[in-house]
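First up is the structure itself, then whatever we jot down about it.
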Amino acid sequence: MDIKSLEERFNERIDAGESIEAKDWMPEKYRKTHIRQISQHAHSEVVGMLPEGNWITRTPTLRRKVALLAKVQDEAGHGLYLYSAAETLGITRDEMMEQLNSGKAKYSSIFNYPTLSWADIGAIGWLVDGAAIINQVMLTRTSFGPYARAMVRICKEESFHQRQGYEIMLTLANGTPEQKEMAQDALNRWWWPSLMMFGPRDEDSPNTAQSVRWKIKRKTNDELRQQFVDNTVPQADYIGLTIPDQDLKWNEEKGHYDFGPIDWDEFWQVVNGNGICNKERLKARNDAWDNGEWVRDAAIAHAEKRQNNKVVKKSA
Amino acid sequence: MNNKLYEYLLMLGDNSMILGHRLSELCGHGPNLETDIALTNISLDLFGQVRSYFQYAAEVKGGEFTEDTIAFLRKDREYRHVLLVEQPNEDFGHVIGRQFLYDSYHLPLLKQLTESKDETIAAIAHKSVKEARYHLRFSSEWVKRLGDGTDESHQRMQKAIEHLYPFIFELFQETDIEKEMKELKIGADLSRIKEESMTTIGEVLADATLKIPESAPRMAKGKTGIHSEHLGFILSDLQYMQRAYPDMQW
Ligand SMILES: [Fe+2]
Ligand SMILES: [Fe+2]
Chain A
1 MDIKSLEERF NERIDAGESI EAKDWMPEKY RKTHIRQISQ HAHSEVVGML PEGNWITRTP
61 TLRRKVALLA KVQDEAGHGL YLYSAAETLG ITRDEMMEQL NSGKAKYSSI FNYPTLSWAD
121 IGAIGWLVDG AAIINQVMLT RTSFGPYARA MVRICKEESF HQRQGYEIML TLANGTPEQK
181 EMAQDALNRW WWPSLMMFGP RDEDSPNTAQ SVRWKIKRKT NDELRQQFVD NTVPQADYIG
241 LTIPDQDLKW NEEKGHYDFG PIDWDEFWQV VNGNGICNKE RLKARNDAWD NGEWVRDAAI
301 AHAEKRQNNK VVKKSA
Chain B
1001 MNNKLYEYLL MLGDNSMILG HRLSELCGHG PNLETDIALT NISLDLFGQV RSYFQYAAEV
1061 KGGEFTEDTI AFLRKDREYR HVLLVEQPNE DFGHVIGRQF LYDSYHLPLL KQLTESKDET
1121 IAAIAHKSVK EARYHLRFSS EWVKRLGDGT DESHQRMQKA IEHLYPFIFE LFQETDIEKE
1181 MKELKIGADL SRIKEESMTT IGEVLADATL KIPESAPRMA KGKTGIHSEH LGFILSDLQY
1241 MQRAYPDMQW
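Residue numbers (the numbering used here), protein chains in the order written: chain A, 1 to 316; chain B, 1001 to 1250.
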């Protein structure tokens, strides 16, 4: 079959809602797009461990410590599944790490914001994991099978994270005035960056059409963002916190909340490396990787020695 | 008697807590995702044990005490862990070395405590002994990998052992409280633990082509509350929230 008819068949399969597997024929661009998207997603999970990891040693209680350790560990697990899913498309984990460490690959910009108080741990779980879920629930039906399946596993854990984060916020909001202030301050700082997590407006998002065509994305950035706002506003109301947006208003006619303009300048600043923590996050990843090199080398060398010993014993 | 039991529970809980704390500092910074996850797992197990010990300690002590006031609101001199567990995460070799030396003591300790006359301690030990067995397997495997890996890893692992080995003697040095708990058959007999522990250490280090340091100074003050300079910094992290925002629900 020539490329043209292969592509036609591929498109038919996509249209029929079939799932594409790693060994199936796929257009080169589809493969490349997936490698990029899945590895970026994996990097986000792994870099995302850092802002929350920042509070593990300082949790207010033992119960919260255990929960936070487990949460950050879950994110490492998400990174692992996703790297494995990307590897099925013909790239190695080391190559992906290299791309992350060199700054060539992107990860979600939200993780370049600092965690300044304990309430930020609540806000991240509630808002950042909350935003991630909306995106990831959509991705459970994405056309590439290994990615969709990884998402199913991950979504269960993410919704647990989201509830846990919300529960931290609820506790703070019901606490002393100082605690409530801490919670409000965290919401003020994390609200807008969370809205930015869905990416640029549809009219500024050139890849969306192709992604929708291939059923990588089933909803546009703006649709997902709206869904997030609609979900989250009542949750904030319920615990008595105020969303920092004066234009926020229920629109009866549309059945959605209207919300104020997003500062896209800030978004692009952070994407392009000028957020408060971009450098620290990359440095932390590079340090972990560089300091781990001798360890990884030793593991390989040791495994080879064992293998050789077995061969020697067998032949003796 | 209650006060002695309380102090004994602190010894058990503090070792797990400070070691768990050191491991928790590494979360997100491991040499690869698999070891990151594994070290966090160990930290989680240890903090699970801490919660059980301190919940029980709070019950023994009565009054306003909770697992959290015990964990976070003591003065530095009141922490009863051994110096070994507060040693810093110098490199992965030190992390593994510290873990291995502690595990080689922790497993036989818990095995004995499953027979404790104190039912709560026995129950906690029963649950924890499986975890400690896994920890020891993990850490000894890594001691062997690093000891018998590359030249660099061998040197680093040997250096870590040289640094950490002097701290193990304290584990086996009986304090008055441990002696009394042993006699009441609540606590463990450290001389029996020492035997098993030293055998494990000898075997694993030999397998790993590592040398046991010949003349090691013996560091032993932690159980009585005299620690190294590291503890102050550990506590400023650990206690930060409870000190800065006292008497609140979290
Ligand atoms: Fe995640
Ligand atoms: Fe999450």
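Don't be surprised by glycine CBs; every beta carbon is placed ideally from N, CA and C.
These figures come from a predicted structure and were not determined experimentally.
Closest Cα partner of residue i within the set the options
i: Gly77/A; options: Asn11/A, Ala105/A and Ala150/A; result: Ala150/A
i: Arg63/A; options: Gln210/A, Asp265/A and Glu167/A; result: Glu167/A
i: Ala288/A; options: Thr1209/B, Cys1027/B and Tyr1008/B; result: Cys1027/B
i: Trp25/A; options: Ser5/A, Gln40/A and Val270/A; result: Ser5/A
i: Ile1161/B; options: Phe1092/B, Lys1179/B and Lys1130/B; result: Phe1092/B
i: Asp1045/B; options: Phe1100/B, Lys1111/B, Ala1132/B and Thr1035/B; result: Ala1132/B
i: Asp74/A; options: Val1060/B, Leu1033/B and Lys1075/B; result: Leu1033/B
i: Leu187/A; options: Ala301/A, Ile121/A, Gly273/A and Gly292/A; result: Ile121/A
i: Phe1167/B; options: Met1219/B, Arg1077/B and Arg1243/B; result: Met1219/B
i: Glu7/A; options: Glu157/A, Leu241/A, Trp214/A and Phe267/A; result: Trp214/A
i: Ala303/A; options: Thr1040/B, Asp1148/B, Glu1196/B and Gln1249/B; result: Asp1148/B
i: Thr61/A; options: Ile1201/B, Phe1047/B and Ala1038/B; result: Phe1047/B
i: Lys1004/B; options: Met1181/B, Tyr1102/B, Thr1040/B and Glu1059/B; result: Met1181/B
i: Glu1183/B; options: Asp1118/B, Gly1062/B and His1029/B; result: Asp1118/B
i: Ala298/A; options: Gly1062/B, Ser1236/B and Thr1150/B; result: Thr1150/B
i: Trp190/A; options: Ile262/A, Gly273/A, Ile124/A and Glu253/A; result: Ile124/A
i: Glu119/A; options: Gln184/A, Ile91/A, Leu68/A and Val312/A; result: It is Ala, not Glu, that sits at residue 119/A in the sequence shown. Of the listed residues, the one whose Cα sits closest to Ala119/A is Gln184/A.
i: Asn207/A; options: Lys29/A, Ala16/A and Ile20/A; result: Lys29/A
i: Thr1200/B; options: Lys1144/B, Ser1016/B, Asp1237/B and Ala1244/B; result: Lys1144/B
i: Gly79/A; options: Arg153/A, Gln307/A, Lys180/A and Val311/A; result: Arg153/A
i: Met1248/B; options: Val271/A, Leu172/A, Pro146/A and Val66/A; result: Leu172/A
i: Lys1159/B; options: Arg1137/B, Pro1213/B and Gly1202/B; result: Pro1213/B
i: Leu195/A; options: Asp245/A, Pro234/A, Ile216/A and Cys155/A; result: Asp245/A
i: Tyr238/A; options: Lys310/A, Asn54/A, Asp2/A and Leu170/A; result: Leu170/A
Close beta carbons around residue i, own chain, < 8 Å, minus the five adjacent residues each side
i: Gln942/B; result: The structure shown does not extend to residue 942/B, since chain B spans only 1001 to 1250, so no value can be given for it.
i: Leu89/A; result: Ala22, Arg31, His34, Ile35 and Ile38
i: Asn325/A; result: Residue 325/A is absent from the model: chain A starts at 1 and stops at 316.
i: Thr1114/B; result: Ala1122, Ala1125, His1126 and Val1129
i: Arg218/A; result: Met138, Arg141, Thr142 and Val212
i: Met1146/B; result: A small correction: the amino acid at residue 1146/B is Leu; Met does not occupy that position in the sequence shown. Once the five neighbours on either side are set aside, the close Cβ partners of Leu1146/B are Phe1092, Gly1093, Ile1096, Ser1153, His1154, Arg1156, Met1157 and Ala1208.
i: Ile276/A; result: Asn112, Tyr113 and Pro114
i: Pro1088/B; result: Arg1022, His1094 and His1230
i: Glu1025/B; result: Asn1089
Neighbourhood of residue i by C-beta, 6 Å cutoff - its chain only, sequence neighbours within 5 removed
i: Ser1116/B; result: Ala1122 and Ile1186
i: Val229/A; result: Tyr257 and Phe259
i: Gln226/A; result: His256
i: Ala236/A; result: Ile243
Own chain residues within Cβ distance below 7 Å of residue i, not counting five before or after
i: Val47/A; result: Tyr107, Phe111, Arg281 and Arg285
i: Ile1018/B; result: His1081, Val1085, Glu1086 and Ile1234
i: Glu87/A; result: Arg93
i: Phe10/A; result: Trp25, Met26 and Pro27
i: Gly103/A; result: Leu282
i: Ser205/A; result: Gly199 and Asn221
i: Lys1223/B; result: Met1011, Arg1080, Val1082, Glu1170 and Thr1175
i: Gln1173/B; result: Ala1220
i: Ala1216/B; result: Tyr1165 and Pro1166
i: Asn308/A; result: none
Any non-hydrogen atom of ligand 1 within 8 Å of residue i CB
i: Ile121/A; result: no
i: Asp1036/B; result: no
i: Glu158/A; result: yes
i: Ala284/A; result: no
i: Ile110/A; result: no
i: Ala298/A; result: no
i: Gly48/A; result: yes
i: His43/A; result: no
i: Ser154/A; result: Here the sequence assigns Ile to residue 154/A, which means Ser is not the residue at that position. Yes, since a heavy atom of ligand 1 falls inside the 8 Å radius drawn around the Cβ of Ile154/A.
Ligand 2 heavy atom lying under 8 Å from the CB of residue i
i: Glu75/A; result: yes
Tell me whether the stretch 109–119 of chain A and the stretch 269–283 of chain A touch, counting them as touching only if at least three CB pairs, one residue from each stretch, are closer than 8 Å.
yes
What residues in the stretch 1214–1245 of chain B bring their beta carbon closer than 7 Å to a beta carbon of chain A?
Asp1237, Leu1238, Tyr1240, Met1241, Gln1242 and Tyr1245
Anything in the stretch 237–256 of chain A with a Cβ closer than 7 Å to a Cβ of chain B? List those residues in chain order, please.
none
Would you be able to state if there are at least three C-beta pairs under 8 Å between the stretch 155–165 of chain A and the stretch 122–137 of chain A?
yes
Just by C-beta distance, which residues in the stretch 1025–1047 of chain B are closer than 8 Å to chain A?
Glu1025, Cys1027, Gly1028, His1029, Gly1030, Pro1031, Asn1032, Leu1033, Glu1034, Thr1035, Asp1036, Ile1037, Thr1040, Asn1041, Ser1043, Leu1044 and Phe1047
Pull out every residue of the stretch 1128–1148 of chain B whose Cβ sits closer than 9 Å to any Cβ of chain A, in chain order.
Trp1142, Lys1144, Arg1145, Leu1146, Gly1147 and Asp1148
For the stretch 1123–1142 of chain B and the stretch 1040–1059 of chain B, state whether three or more C-beta atom pairs, one from each stretch, are separated by less than 8 Å.
yes
Under 8 Å (Cβ pairs) to chain B, residues found in the stretch 63–86 of chain A
Arg63, Arg64, Lys65, Val66, Leu69, Ala70, Val72, Gln73, Ala76, Gly77, Gly79, Leu80 and Tyr83
The stretch 1062–1084 of chain B: positions lying closer than 7 Å to chain A by Cβ:
Glu1067, Asp1068 and Ala1071
Against chain A, which members of the stretch 1095–1129 of chain B pass a CB distance test of less than 7 Å?
none
Using a Cβ-Cβ cutoff of 9 Å, what residues of the stretch 162–189 of chain A are near chain B? List them in chain order.
Ile168, Thr171, Leu172, Asn174, Gly175, Thr176, Glu178, Gln179 and Met182
Answer yes if the stretch 1189–1206 of chain B comes into contact with the stretch 1098–1109 of chain B, meaning at least three C-beta pairs across the two stretches below 8 Å, and no otherwise.
Look at the beta carbons and you see the stretch 1098–1109 of chain B touching the stretch 1189–1206 of chain B: at least three pairs across the two are nearer than 8 Å.
Would you list, in chain order, the members of the stretch 292–304 of chain A that have their beta-carbon closer than 9 Å to a beta-carbon of chain B?
For chain B, the residues of the stretch 292–304 of chain A that bring a beta carbon within less than 9 Å of one of its beta carbons are Gly292, Glu293, Trp294, Val295, Arg296, Asp297, Ala298, Ala299, Ile300, Ala301, His302 and Ala303, in chain order.
Can you pull out the residues from the stretch 107–141 of chain A whose beta carbon lies closer than 8 Å to at least one beta carbon of chain B?
The stretch 107–141 of chain A vs chain B, Cβ under 8 Å: Trp118.
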